[in-house]
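Structure first, commentary second.
Numbering (the working numbering), first residue to last: 23 to 220.
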């Protein structure tokens, strides 16, 4: 894991996204190291999409652009999108789709700028279940977020920051990377516990 992180840091840190080959290398590395399960024939269209977006100004801005992850994940029809039936009503309510590159998009942004928290199945799942046990966030202060609502990065980011404030408020210098790791390890431990109890 450490070696992978060193490789990704060297490739991503301060890098631009205006050269298609460079974007493709970074996308492929992320897919391999994180097992994001992007079909091989989707990697090139995703890289073309990112390169065409001219994202660098938005990506490296001091203020996080919460729409950037959504724009990468949902901004093109060139790769697969689907809505699962059981989640369709929620998705329509939020005007979002389920994209198989949403997690990849958050990781792509996060490796360029660690202020972007990673939205994957572990972090979304843990935030959802912790919020269920100890409500610390509601969408617009009204609606309790569903699992599918966390596929809108605007909702995910707000909920993540509310979680950070609630549980790490006394350690304001803690990085999002450390919280990402905490959520991932916590989820892993929960999965191990559930498997033992079955």
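All C-beta atoms in this analysis are idealised placements derived from N, C-alpha and C, irrespective of residue type, glycine included.
Residue from the options with nearest C-alpha to residue i
i, options, result
"residue 133", "35, 24, 25 and 23", "35"
"residue 82", "194, 37, 170 and 147", "37"
"residue 163", "150, 180, 155 and 173", "180"
"residue 33", "74, 130 and 75", "130"
"residue 56", "80, 126 and 72", "126"
"residue 69", "208, 169, 87 and 94", "94"
"residue 128", "66, 41 and 49", "49"
"residue 202", "90, 191, 139 and 173", "139"
"residue 58", "143, 190, 157 and 166", "143"
"residue 183", "80, 199 and 47", "199"
"residue 26", "39, 41, 51 and 86", "51"
"residue 174", "31, 124 and 43", "124"
"residue 75", "86, 47 and 41", "41"
Per DSSP, the bridge partner or partners of residue i
i, result
"residue 161", "165"
Opening and closing residue of the alpha helix (DSSP H) in which residue i lies
i, result
"residue 124", "124 to 134"
"residue 42", "42 to 56"
"residue 78", "78 to 81"
"residue 147", "143 to 155"
"residue 91", "89 to 96"
DSSP three-state assignment for residue i, whether helix, strand or coil
i, result
"residue 72", "helix"
"residue 10", "For residue 10 there is no data in the structure shown, the boundaries of the chain being 23 and 220."
"residue 213", "helix"
"residue 171", "helix"
"residue 116", "In this prediction, residue 116 has a pLDDT of 45, which is less than 50 and means its spatial position is unreliable; nothing more can be read from the coordinates."
"residue 194", "coil"
"residue 176", "helix"
"residue 201", "helix"
"residue 38", "coil"
"residue 188", "helix"
"residue 67", "helix"
Whether residue i touches residue j by CB criterion (8 angstroms)
i, j, result
"residue 152", "residue 185", "yes"
"residue 178", "residue 154", "no"
"residue 45", "residue 72", "yes"
"residue 88", "residue 176", "yes"
"residue 65", "residue 53", "yes"
"residue 209", "residue 148", "yes"
"residue 150", "residue 165", "no"
"residue 141", "residue 90", "no"
Chain B within 8 angstroms of residue i, Cβ atoms only
i, result
"residue 91", "Looking at the structure shown, chain B is missing, and only one protein chain is on hand."
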